[in-house]
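A.B. asks:
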Amino acid sequence: MLKEIEAKISELEAQLRELDGEPQEAVTEFRRNQLRRDIRELLKECRHLTPADRVYLARHAGRPGTKNFIDALFEDFFELRGDRQGKEDASILCGIARFHGQPVTVIGHRKGTSLEENLRYNFGMPGPEGYRKALRVMRQAEKFDRPVITFIDTPGAYPGLEAEAHGQGEAIARNLAEMSALKVPVISVVTGEGNSGGALAIGVANTVMMLENAVYSILSPEGFASILWKDASRSNEACDLMKLTAQDLKQYGVVDEIIPEPLGGAHRNPSAVYQALDTALDAALTHLRRQNGAALAAHRYRKFRTMGSAFQMLPKEGF
Amino acid sequence: MGVIVIDLFLKRKEKFLALQALRGRKTPKPQPQAEADAVKKDKSGENASVFVRCPSCGKDFTRTSFAENLCVCPACGYHHPISAYYRLSLILDHGTFSELDRRMASSDPLAFPGYADKLAAQRKKTGLAEAVVTCEGEIEGEKAVVAVLDSRFLMGSMGAAVGEKITRAIEYAQKMRLPLIIFSASGGARMQEGIYSLMQMAKTSAALQQFDRKGGLFISYFTHPTTGGVTASFASLGDITLAEPGALIGFAGPRVIEQTIGQKLPEGFQRSEYLLEHGFIDQIVERKDMRATLALLLRMHDKKGKTGC
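This is the structure we're talking about:
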């Protein structure tokens with residue numbers, strides 16, 4: 103549904119651009135206003151998005167990625183590469199930077215914008231080396247008492263032969279365990295799609311934020327449909343059942359804060375998103391900075407210890 | 037054909053026998069229901085259920101001989117998946133078993149269509165409340181907390197209740213200063229619980245990290261099959277990591293990998309032996325040596341009668 107609206111909007115926008123070359127006459131001015139009004143009307147329809155629409159937006163090619171957020175929000179970014187065990191995995195971007203003057207460690211999944219880049223970054227699907235690099239950088243952040251800020255945007259950890267041979271499961275597990283005990287503030291922002299353990303592996307944070315149209319789930323809707331119903335084409339149905347939107351997850355306590363996006367998605371006005379995220383990060387960081395290392399680790403542990411509690415006690419007999 | 041392939045998982049009566057034995061009551065050693073089944077006939081009227089066909093080599097054996105061999109194929113050594121209680125009855129000193137959180141079950145947090153019925157059916161089929169049994173017991177006199185995932189229950193998948201039971205077992209071990217042993221067998225996270233399942237990975241791993249910092253001993257024992265969110269959380273965090281021969285262990289399932297890379301996977305890929313070769317497992321331990329090996333390791337870490345942390 104959203105896809106069609108977007109197509110209509112871009113058509114109108116193309117017409118609007120064509121008019122730019124024309125002289126400033128009353129007729130063209132009238133036409134311009136007409137087009138702008140039509141676009142506004144169309145955008146209003148984007149107020150009520152289905153979960154499938156949000157999945158579409160979360161994967162949108164124009165959506166700002168980790169690199170864009172780093173460029174917009176931080177100064178003096180300095181990239182740190184390699185896992186020190188034999189490989190550099192470019193699908194995770196790590197580095198140190200300044201946020202409002204304060205040194206922080208930044209980690210995020212990286213997707214490309216062109217085919218060449220996508221191949222280099224493996225479409226944002228890290229192997230174990232990427233997670234080990236992230237862990238190395240997190241340990242370093244702890245050593246230098248730098249807060250860690252992570253950006254989550256991945257279709258999932260890479261399901262490949264080499265990734266398995268090098269211990270994808272072990273790498274993710276180690277990250278989850280060690281990240282839970284870091285003695286510095288950790289903030290995670292789900293910016294696009296956050297799928298599976300591949301997303302969570304850099305998401306064990308004191309504060310978890312999520313962009314309004316981002317999605318966060320156990321698996322991609324396609325994978326979900328293919329596991330449950332052996333039919334990946336039923337992914338739209340899966341989207342409705344999976345409860346993967348920021349609004350649902352806030353209700354479940356998985357997400358602390360939702361960062362608003364402009365109508366029609368973050369790509370329509372990225373700077374508005376940067377601005378909102380900047381404010382939210384600054385507030386969260388200031389708040390977390392008041393606690394000492396042990397308290398931060400304890401806070402994170404308690405948070406994830408109680409998060410996702412959903413069980414019941416069955417009657418003594420009769421099951 | 038007079039032979040059908042039957043699963044050797046314990047039936048309800050066998051579970052009862054196993055439990056009786058674990059609790060130290062005088063009952064015969066639990067054995068799969070060979071005698072009772074022998075009387076049953078299949079549609080063709082022949083004695084079908086006396087025989088078991090090994091899914092690996094295809095050879096037929098009598099149920100009794102298969103059971104005497106601990107559900108390991110006498111010909112090819114295939115380790116057939118076994119139920120949680122049966123496994124516990126093989127390793128614990130009889131009479132020392134005391135179960136933790138026996139009645140804890142999933143509460144269907146996403147109200148997923150059809151899931152509640154599915155859970156009820158699984159409970160009825162297996163006699164288990166959830167896909168994991170956690171308990172305290174002794175192995176050759178050494179106290180330990182043991183958790184065993186049961187692959188009969190929705191493929192041993194980890195939902196909120198499984199994650200909570202595992203976490204409580206870890207916390208109990210930490211509190212009682214006991215070593216911890218977890219036998220994993222799981223298809224991964226439980227889809228029907230969505231994000232709740234995903235968060236169990238963080239929860240169990242975080243609990244193990246605390247246990248680790250307190251000096252607790254954790255032995256992780258992979259059994260066939262262990263994939264997905266369980267491999268990517270507690271199962272991979274052992275101080276000592278063991279596996280049954282031929283167990284499938286991985287993060288992504290073989291089918292997904294084949295689809296992604298568009299080629300057939302090599303023979304033995306993601307099997308215990310492959311993981312051993314790649315440095316992710318300490319030793320492959322056969323089922324018959326399981327109890328003795330665990331006892332040896334527990335004794336080795338025993339500190340004047342107080343094992344663990």
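For the protein sequence lines, the chains are A and B, in the order given. Numbering-wise, this note's numbering comes out as the position in the first sequence, counting from 1, plus 102. Numbering-wise, this note's numbering comes out as the position in the second sequence, counting from 1, plus 36. Positions of the beta carbon are idealized from the N, C-alpha and C atoms, including for glycine. None of these values were measured; they are calculated from a predicted model.
Count the other C-beta atoms from every protein chain shown that fall within 10 angstroms of the C-beta of B:His116, then say buried if there are 16 or more, exposed otherwise.
C.D. replies: buried
A.B. asks: Interface residues of chain A around B:Lys239 at Cβ under 8 Å?
C.D. replies: Phe406, Arg407, Met409, Gly410
A.B. asks: Quick check on A:Gln414 - is its C-beta less than 9 Å from some C-beta in chain B?
C.D. replies: yes
A.B. asks: Does the CB of B:Val169 have a neighbour CB from chain A at under 9 Å?
C.D. replies: no
A.B. asks: Could you say which of B:Gly230, B:Tyr257, B:Val184, B:Tyr122 lies nearest to B:Ala167 if we only look at CA atoms?
C.D. replies: B:Val184
A.B. asks: Have a look at B:Met235, B:Ser193, B:Leu155, B:Leu146 and flag the residue whose alpha-carbon is nearest the alpha-carbon of A:Leu343.
C.D. replies: B:Leu146
A.B. asks: Is A:Leu51 helix, strand or coil when you go by DSSP?
C.D. replies: The structure shown has nothing for residue 51 of chain A, since chain A only spans 103 to 421.
A.B. asks: I need the DSSP call for A:Asn315, collapsed to helix, strand or coil.
C.D. replies: Residue state, collapsed to three classes: coil.
A.B. asks: Can you look up A:Ala382 in the DSSP assignment and give me helix, strand or coil?
C.D. replies: helix
A.B. asks: Using the three-state DSSP reduction, which class does A:Tyr403 fall into: helix, strand or coil?
C.D. replies: helix
A.B. asks: Considering only the beta carbon of each residue, do A:Asn220 and A:Thr256 sit closer than 9 Å?
C.D. replies: No, the pair does not count as a contact, with Cβ atoms beyond the cut-off.
A.B. asks: Considering only their Cβ atoms, is the gap separating A:Val292 from A:Val239 smaller than 9 Å?
C.D. replies: no
A.B. asks: Can you find the residues in the same chain that come closer than 7 Å, C-beta to C-beta, to A:Gly355, ignoring five residues on each side of it along the sequence?
C.D. replies: Met409
A.B. asks: Quick check: the Cα distance between B:Tyr121 and B:Arg159, rounded to an integer number of angstroms?
C.D. replies: Spanning the two alpha carbons is a distance of roughly 14 Å.
A.B. asks: Under 8 Å, with one C-beta from each stretch per pair, do the stretch 331-345 of chain A and the stretch 218-225 of chain B reach the 3-pair mark?
C.D. replies: no
A.B. asks: If you draw a straight line from the C-alpha of A:Ala316 to the C-alpha of A:Arg165, how long is it?
C.D. replies: 10 Å
A.B. asks: What did DSSP end up calling A:Arg248 once you bin it into helix, strand or coil?
C.D. replies: coil
A.B. asks: Could you check where the alpha helix (DSSP H) with B:Ala209 kicks off and where it finishes?
C.D. replies: Under the DSSP assignment, B:Ala209 falls in the alpha helix (DSSP H) whose first and last residues are 196-212.
A.B. asks: DSSP three-state call for A:Leu195: helix, strand or coil?
C.D. replies: Under the three-state reduction of DSSP output, A:Leu195 falls in the strand class.
A.B. asks: Bridge partners of A:Gly210, per DSSP?
C.D. replies: A:Leu195, A:Phe253
A.B. asks: Would B:Phe148 pass as an interface residue toward chain A - the criterion being a Cβ-Cβ separation below 9 Å?
C.D. replies: yes
A.B. asks: In whole angstroms, what separates the C-alpha of B:Thr63 from that of B:Ala225?
C.D. replies: The pLDDT assigned to B:Thr63 is 47, lower than 50, so where the model puts this residue is not dependable; a value taken from the coordinates is nonetheless given after this. In a straight line, the C-alpha of B:Thr63 is about 37 Å away from that of B:Ala225.
A.B. asks: Starting from A:Ser337, trace the alpha helix (DSSP H) in both directions and tell me its first and last residue.
C.D. replies: 337-344
A.B. asks: Ignore the nearest five residues each way along the sequence and tell me which others in B:Tyr114's own chain have a CB closer than 6 Å to its CB.
C.D. replies: Taken in chain order, the residues that qualify are Cys90, Ser92.
A.B. asks: Helix, strand or coil: which one does DSSP assign to B:Arg89?
C.D. replies: strand
A.B. asks: Is A:Asp380 near A:Ala199, with beta carbons less than 9 Å apart?
C.D. replies: no
A.B. asks: With the cut-off set at 9 Å, would you say A:Phe201 and A:Ile251 are in Cβ contact?
C.D. replies: yes
A.B. asks: Could you have a look at A:Lys285 and say whether DSSP puts it in helix, strand or coil?
C.D. replies: coil
A.B. asks: Name the chain A residues whose beta carbon is nearer than 7 Å to that of B:Pro145?
C.D. replies: Ala412
A.B. asks: Can you look up B:Ser193 in the DSSP assignment and give me helix, strand or coil?
C.D. replies: The answer is coil: DSSP assigns B:Ser193 none of H, G, I, E or B.
A.B. asks: Under 9 Å, Cβ to Cβ, is there at least one residue of chain A near B:Thr267?
C.D. replies: yes
A.B. asks: State buried or exposed for A:Phe180, treating a residue as buried only when at least 16 other CB atoms are found within 10 Å of its CB.
C.D. replies: exposed
A.B. asks: Taking A:Pro261 as the query, report the chain B residues whose CB atoms sit under 7 Å from its CB, ordered along the chain.
C.D. replies: Ala288, Val292, Ile293, Thr296
A.B. asks: What residue range does the alpha helix (DSSP H) around A:Asp173 cover?
C.D. replies: 168-175
A.B. asks: Looking at chain A, is there any beta carbon in it that lies within less than 9 Å of the beta carbon of B:Ser233?
C.D. replies: yes
A.B. asks: Looking at the secondary structure, which residues open and close the beta strand (DSSP E) in which A:Ile320 lies?
C.D. replies: Careful: A:Ile320 lies outside any beta strand (DSSP E) and carries neither H nor E.
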